[in-house]
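Novice:
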Amino acid sequence: MKILWTDRARRDLLDIGRYIAQDNPRAARAWVEQLQKRTRKAAETPFAGRMVPERSAQDIREVIIRNYRIVYRVCEDAIHMLTVFEGHRLFSQEAVSDTLK
Numbered sequence: 284m285k286i287l288w289t290d291r292a293r294r295d296l297l298d299i300g301r302y303i304a305q306d307n308p309r310a311a312r313a314w315v316e317q318l319q320k321r322t323r324k325a326a327e328t329p330f331a332g333r334m335v336p337e338r339s340a341q342d343i344r345e346v347i348i349r350n351y352r353i354v355y356r357v358c359e360d361a362i363h364m365l366t367v368f369e370g371h372r373l374f375s376q377e378a379v380s381d382t383l384k
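Under my numbering, the residues of the sequence shown are numbered 284 to 384, in order.
1. The alpha helix (DSSP H) spanning residue 293 covers which residue range?
2. CA-CA distance, residue 383 and residue 354?
3. Taking the alpha helix (DSSP H) that residue 316 falls in, what are its first and last residues?
4. Is it right to say residue 365 is buried, meaning 16 or more other beta carbons lie within 10 angstroms of its own, or is it exposed?
5. Is it right to say residue 359 is buried, meaning 16 or more other beta carbons lie within 10 angstroms of its own, or is it exposed?
6. Could you tell me which residues DSSP puts in a beta bridge with residue 386?
7. Quick one: is the Cβ of residue 348 within less than 8 Å of any heavy atom of the ligand GDP?
Given below as structure tokens:
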């Protein structure tokens, strides 16, 4: 499956990288790569991710890596990355309505 990123998900990934880079640029690059790698794995078996508890929709799934949640929508031929955020926060319903650019 293809992986398509919403603007929001792209911003989330950049923000995570920038935040970590303040202390350790090398660690920031490595962590962003790990998040992207986990995204690619999700695209291989998209329904293996759990349904997002705040949403309870079959097509909105998430995978967790350490303390981050990667939320995506499963579509016919692609997964649409909706957001990436720290796991202690709740999923924002606004992320579902973000459009792909």
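All C-beta atoms, glycine included, are put in the ideal place defined by N, C-alpha and C. Values in this document were obtained by computation on a predicted structure and should not be read as measured data.
Specialist: Quick answer:
1. 290 to 304
2. Low confidence applies to residue 383: its pLDDT is 46, below 50, so where it sits in the model is not reliable enough to give any reading.
3. 308 to 327
4. buried
5. exposed
6. With the chain covering 284 to 384 only, the question about residue 386 has no answer from this structure.
7. The ligand GDP is not part of this structure, which contains no ligands at all.
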